């Protein structure tokens with residue numbers, strides 16, 4: 001448990017990245033010191049990795065972001081410095097328009113879905129139907145199934 005023995009001023013703030021910080025005033029350096037910040041799981045920080053990246057906080061001594069299969073880093077030099085915000089780019093262009101011949105999807109398990117604002121929802125659709133709907137829509141990049149009960 002934290003005890004503020006010298007009655008230093010404290011502050012809590014939510015920064016632009018969505019991280020909450022508990023700051024304590026350091027009288028010696030005359031600066032704010034970050035006492036605690038959260039979330040502890042770096043993958044819970046909104047937009048921690050760029051587009052078409054997967055975040056894995058269990059990786060040791062490496063960037064926690066990696067490109068999805070079939071994609072490559074947009075900025076390898078930046079990635080070498082662990083800056084992955086530029087995300088990944090598709091290695092092979094989609095064959096959109098021809099019914100998606102040659103295009104397809106593979107399963108990603110145990111991932112958190114990003115913000116779904118603006119997504120379409122097909123309540124009674126089976127996964128196979130979602131697959132076909134997505135392949136026939138040139139702006140569709142992925143689909144997900146959800147087990148939602150009242």
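Residue numbers (full-length UniProt numbering): 1 to 150. Using N, Cα and C, we set each Cβ at its ideal position, and we do this for glycine too. If you're wondering where the values come from, they're calculated on a predicted model, not measured in any experiment.
Limits of the unbroken alpha helix (DSSP H) element including residue 135: 127-135
Rounded C-alpha distance that separates residue 56 from residue 126: 29 Å
Leaving out five residues before and five after residue 64 in sequence, what residues of the same chain have Cβ atoms less than 8 Å from its Cβ? 42, 43, 48, 49, 55, 56, 57
If you check the beta carbons only, do residue 87 and residue 144 fall under 8 Å apart? no
How many angstroms separate the CA atom of residue 133 from the CA atom of residue 11? 49 Å
Taking C-beta to C-beta, are residue 22 and residue 36 nearer than 8 Å? yes
Roughly how many angstroms lie between the CA atoms of residue 92 and residue 135, to the nearest whole one? 15 Å
Alpha helix (DSSP H) containing residue 77: first to last residue? 76-80
Measuring alpha carbon to alpha carbon, tell me which of 66, 68, 28, 141 ends up nearest residue 95. 141
For residue 26, the three-state DSSP class (helix, strand or coil): strand
Hey, how far is the Cα of residue 106 from the Cα of residue 77? 28 Å
Buried versus exposed call for residue 119 [16 or more other C-beta atoms within 10 Å across all chains shown]: exposed
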